[in-house]
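**Q**
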Amino acid sequence: MQLGFLVDLHLCMGCKGCEIACKVENEVPLSTWRLRVKYVDVGTFPETKRTFTPLRCNHCENAPCERICPVSALHYIENGIVNIDKERCIGCAGCVMACPYGAIYIDPETQTADKCTYCAHRIASSMMPACVVACPVEANIFGDLDDPKSNISKYMQDHRDVQVRKPEKGTNPHHFYVGASQVNLNPLASRREEGYNLFNKITKLPLGGHHE
Amino acid sequence: MIHETLAATNAVVTLDVPLPDVFWGWFVTMNMWAKSIGTGLVFMLFLLLRKNSSEMSGLRTPAIIVSFIMMNVFLLFTLADLHQPFRMWHIFFYPHWTSAITVGAWMATIFVGLEFVMAAMMIRKDKCLLTKNATESFDKLLFWVTLLAIPVTLYTAGIMAEATARELWQMPTESVQMILAATLSGSAAIILLGGSKLSDETKNFFASILGLSALLAFIIYMSEYIFGSMKAEEVTAILAYVKGDGEYATMFWIGQWVAYILPMALVGLYRVSKSNSILTLAAILAIAGLWVVKHVWLVIPQLLPLS
């Protein structure tokens, strides 16, 4: 079994329901995200549109974070999930430096690395990840990539524009997108300008977990 | 290149929170800088032993002690950079051998242990395990410690290579840069430590190593600066931070001048004038500038948004 995720960006409406569900389910601390939705505005007024891209750990088959972790805190489990053992993590941030998707952060409360685990604890109880359950338009499709009859496999068979982020890195992500353009997947395809962010002054907790 | 579509798409990120900022900051710079001096001194001591062992007499103890101190500075900053420093022992009890961090931690620990033995032998001057003579034992051990110093110097390049997200750091160039940083700072350190104890011939020898290391490292940086952008889009975006009005452009050039260009020029002047003050200045500049160069190259890939 190799579990994978697919997000149909034609369906995603940027409600951030998945983001909130993830925060609640995994008790993700303030100022950190296991899953977040990126907004990119495209075009020039009045011909403009807003695109939404949920971003989470890609659970790569050839995961750089797993390779660089000096203590195997990041490790594969049998279903292909790249899991993390926070009790073993020494907080060297090697994984943060290695992940090409910027999906790993240092938890300000535990001072250890953390990231999306595809809700491995829920899957162990035969439940779907929290973000899948929360999505009101079923844009998140989750399942076994090894099973040709699974929802995700059928979805990939039915859609020709299945893509991954940064395929050139050779990480073989188990996280796919349908209906994505470069603007969604390539960080260099859009500008980041001061003053254009919907939330310009986002509070970040200092490492230690408390406001100064 | 995707960057050229920006004019057409006018795509602007209006909501995203890139998770990490600069995660490996000056603690890691200190780590690399101190390690370069620590292993570099061992390389130079070994070269001196092979070239002119009679000049080793006053240098064995101070050089190995300074190297040992710098290696401990390196280990201290490595530990301080961990968010869970009290779990450092996990590296030894749960080692993951695909990680250059693990391999490096083991090698560096053995290296520092051997240096401790060498320093203790020279200080105590008593009977040793290998021979009855401390100096002889030191010289025998120096060969093996020098061999070990090579992978200890290189493993940081391995870590940078395993940092898949940072396209700028490639193993072939980083490994050469690590060795050159060690020969640059090692030769500079031994020039400063040796002072008047070194003969003119030996000073010339170490001055040549200093100048050549600076030249080769500078050539590699300039090659990356000029040609790196022609290969990969990410590298282009990263190098923009050290070009033109880039955030780190000034610091980058300060580093190149202080670590490489000025020491090269001063070594040239020294060979003409034979002035020890000029050589001392070249050595000090090389050691100070190396910190700046390493810091800039460490930080700039971390400025690029990954999402």
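As given, the protein sequences belong to chains F and C, one line each in that order. First residue of the first sequence? That's 1 in our numbering, and the numbers climb one at a time after it. First residue of the second sequence? That's 1001 in our numbering, and the numbers climb one at a time after it. For each residue, glycine too, the CB sits at the ideal point set by N, CA and C.
Can you pull the chain F residues whose beta carbon is under 9 Å from the beta carbon of C/S1229, in chain order?
**A** On the second sequence, position 229 is the one that residue 1229 of chain C refers to. Residues of chain F passing the Cβ test: none, with the nearest at roughly 13 Å.
**Q** Just the chain F side, please: which residues come within less than 9 Å of C/Q1084 by C-beta, in chain order?
**A** One-based indexing of the second sequence puts residue 1084 of chain C at position 84. Per Cβ cutoff of 9 Å: C89, I90, G91, C92, T110, Q111 and T112.
**Q** Can you have a look at C/A1007 and say buried or exposed, based on whether 16 or more other CB atoms are within 10 angstroms of its CB?
**A** Along the second sequence, one-based indexing puts residue 1007 of chain C at 7. Flag for C/A1007 reads exposed.
**Q** Quick check: what's the CA-CA separation for F/S190 versus C/V1012?
**A** For this step, residue 190 of chain F is matched to residue 190 along the first sequence. For this step, residue 1012 of chain C is matched to residue 12 along the second sequence. Each residue's alpha carbon lies about 5 Å from the other.
**Q** Going by the beta-carbon positions, is the gap between C/S1036 and C/A1182 smaller than 8 Å?
**A** Taking the first residue of the second sequence as position 1, residue 1036 of chain C is located at position 36. Taking the first residue of the second sequence as position 1, residue 1182 of chain C is located at position 182. Yes. Within cutoff.
**Q** Nearest CA to the CA of F/N79: which residue from F/D114, F/W33 and F/L3?
**A** Here the question's residue 79 of chain F lines up with position 79 in the first sequence. The candidate whose alpha carbon is nearest that of F/N79 is F/L3.
**Q** Buried or exposed: which applies to F/A73, given that a residue is buried once 16 or more other Cβ atoms fall within 10 Å of its Cβ?
**A** Mapped onto the first sequence, residue 73 of chain F falls at position 73. Buried, by the Cβ-count rule.
**Q** Quick check: F/K68 and C/I1101, are their CB atoms within less than 8 Å of each other?
**A** For the purposes of this step, residue 68 of chain F is taken as the residue at position 68 of the first sequence. For the purposes of this step, residue 1101 of chain C is taken as the residue at position 101 of the second sequence. Strictly speaking, residue 68 of chain F in this sequence is Ile, with Lys absent from that position. Contact flag set, yes.
**Q** Exposed or buried, which one is C/F1093 when buried takes at least 16 other CB atoms within 10 Å?
**A** In the second sequence, the residue the question calls residue 1093 of chain C occupies position 93. Under this definition C/F1093 is an exposed residue.
**Q** Is there a Cβ from chain F that is less than 8 Å from the Cβ of C/R1087?
**A** In the second sequence, counting from the first residue as 1, residue 1087 of chain C sits at position 87. By this cut-off, C/R1087 is an interface position.
**Q** If you follow the beta strand (DSSP E) that F/L9 is part of, which residue opens it and which one closes it?
**A** Within the first sequence, the letter at position 9 stands for residue 9 of chain F. Premise fails: F/L9 is in no beta strand (DSSP E) and is neither H nor E.
**Q** Answer yes or no: do C/L1290 and C/S1185 have a C-beta to C-beta separation smaller than 8 Å?
**A** Within the second sequence, numbered from 1, the residue matching residue 1290 of chain C stands at position 290. Within the second sequence, numbered from 1, the residue matching residue 1185 of chain C stands at position 185. The answer is yes: Cβ separation under 8 Å.
**Q** Nearest-angstrom Cα distance between F/C119 and C/F1252?
**A** Counted from its first residue, the first sequence places residue 119 of chain F at position 119. Counted from its first residue, the second sequence places residue 1252 of chain C at position 252. F/C119 and C/F1252: Cα-Cα distance of roughly 43 Å.
**Q** Using 10 angstroms around the beta-carbon of C/A1080, count the other beta-carbons present and answer buried if the total reaches 16, otherwise exposed.
**A** Against the second sequence, residue 1080 of chain C aligns to sequence position 80. It counts as exposed.
**Q** For F/L30, count neighbouring C-beta atoms within 10 Å of its own C-beta (all shown protein chains included) and say buried if the count is 16 or more, exposed if not.
**A** Residue numbering aside, residue 30 of chain F sits at position 30 when the first sequence is read from its first letter. When all chains shown are included, F/L30 counts as exposed.
**Q** From the DSSP output, in three-state form, read off F/G102 for me.
**A** The residue given as residue 102 of chain F occupies position 102 in the first sequence. Coil at F/G102, not helix or strand.
**Q** Check the Cβ-Cβ distances between C/T1109 and every residue of chain F, and say whether any is below 8 Å.
**A** Locating residue 1109 of chain C in the second sequence gives position 109, where the first residue counts as 1. No, no contact with chain F.
**Q** What are the start and end residues of the alpha helix (DSSP H) that includes F/P54?
**A** Position 54 of the first sequence, counted from the first residue, corresponds to residue 54 of chain F. Looking at the DSSP string, F/P54 is not in any alpha helix (DSSP H); the run it does join, the beta strand (DSSP E), is E47 to L55.
**Q** For C/T1014, tell me which candidate among F/V40, F/K149 and F/C18 has the shortest Cα-Cα distance.
**A** Indexing the second sequence from 1 puts residue 1014 of chain C at position 14. Measuring from the Cα of C/T1014, the nearest candidate turns out to be F/V40.
**Q** Sort F/D114, F/P136, F/F142 and F/K115 by Cα distance to F/M127 and report the nearest one.
**A** Residue numbering aside, residue 127 of chain F sits at position 127 when the first sequence is read from its first letter. Here the closest residue by C-alpha is F/F142.
**Q** In terms of residues, what are the limits of the alpha helix (DSSP H) holding C/N1052?
**A** To locate residue 1052 of chain C, count along the second sequence from 1; it is residue 52. Unbroken alpha helix (DSSP H) run through C/N1052: W1026 to N1052.
**Q** Can you look up C/R1166 in the DSSP assignment and give me helix, strand or coil?
**A** In the second sequence, residue 1166 of chain C corresponds to position 166, counting from 1. Three-state DSSP puts C/R1166 in coil, outside helix and strand.
**Q** Go ahead and pull the three-state DSSP assignment for C/V1013.
**A** As a first step, residue 1013 of chain C must be located in the second sequence, where it is residue number 13. DSSP places C/V1013 in strand when its eight states are reduced to three.
**Q** Give the interface partners of F/E194 over in chain B, defined as CB-CB distance under 8 Å, in chain order.
**A** Absent here is chain B; the protein component of the structure consists of chains F and C.
**Q** Which of the three DSSP states is assigned to C/L1303 in this structure?
**A** Working through the second sequence from its first residue, we reach residue 1303 of chain C at position 303. It is helical.
**Q** Specify the secondary structure class of F/K149 as computed by DSSP and reduced to three states.
**A** To locate residue 149 of chain F, count along the first sequence from 1; it is residue 149. Three-state result, F/K149: coil.
**Q** Check F/G43 in the structure and name its three-state DSSP category.
**A** Here residue 43 of chain F corresponds to residue number 43 of the first sequence, with the count starting at 1. Of the three classes helix, strand and coil, the one that applies to F/G43 here is strand, per DSSP.
**Q** For the region 1045-1112 of chain C, which segments carrying the beta strand (DSSP E) assignment without a break, of at least 3 residues, lie completely within its bounds, in sequence order?
**A** With a minimum length of 3 residues, no continuous beta strand (DSSP E) run stays inside the region 1045-1112 of chain C.
**Q** My understanding is that F/H174 touches F/E61, with C-beta atoms under 8 Å, so please give their C-beta distance in whole angstroms.
**A** Taking the first residue of the first sequence as position 1, residue 174 of chain F is located at position 174. Taking the first residue of the first sequence as position 1, residue 61 of chain F is located at position 61. The Cβ separation is near 6 Å, so the contact holds.
**Q** Could one say the Cβ of C/T1005 lies closer than 8 Å to chain F's Cβ atoms, at least one of them?
**A** Here residue 1005 of chain C refers to the residue found at position 5 of the second sequence. Closer than 8 Å to some Cβ of chain F, the Cβ of C/T1005 qualifies, so yes.
**Q** Rounded to whole angstroms, what is the Cα-Cα separation between C/H1295 and C/L1154?
**A** Counted from its first residue, the second sequence places residue 1295 of chain C at position 295. Counted from its first residue, the second sequence places residue 1154 of chain C at position 154. Each residue's Cα considered, the two are about 17 Å apart.
**Q** According to DSSP, simplified to helix, strand and coil, what is F/K38?
**A** The residue you call residue 38 of chain F lines up with position 38 of the first sequence. Looking at F/K38 - three-state DSSP - the assignment turns out to be strand.
**Q** By DSSP, does F/D114 sit in helix, in strand, or in coil?
**A** Translated into positions along the first sequence, residue 114 of chain F becomes position 114. It is a strand residue.
**Q** For F/V137, I'd like the list of residues in its chain whose CB is within less than 6 Å of its CB, leaving aside the five on either flank, ordered along the chain.
**A** Residue numbering aside, residue 137 of chain F sits at position 137 when the first sequence is read from its first letter. Counting only Cβ-Cβ distances below 6 Å, and skipping sequence neighbours, we find L11.
**Q** Measuring straight from C-alpha to C-alpha, what distance separates C/W1097 and C/A1286?
**A** Numbered from its first residue, the second sequence carries residue 1097 of chain C at position 97. Numbered from its first residue, the second sequence carries residue 1286 of chain C at position 286. Taking the straight line joining both Cα atoms gives about 34 Å.
**Q** For F/E47, count the other beta carbons within 10 Å of its own beta carbon; 16 or more makes it buried, fewer makes it exposed. Which is it?
**A** Here residue 47 of chain F refers to the residue found at position 47 of the first sequence. Exposed: under 16 other Cβ atoms inside 10 Å.
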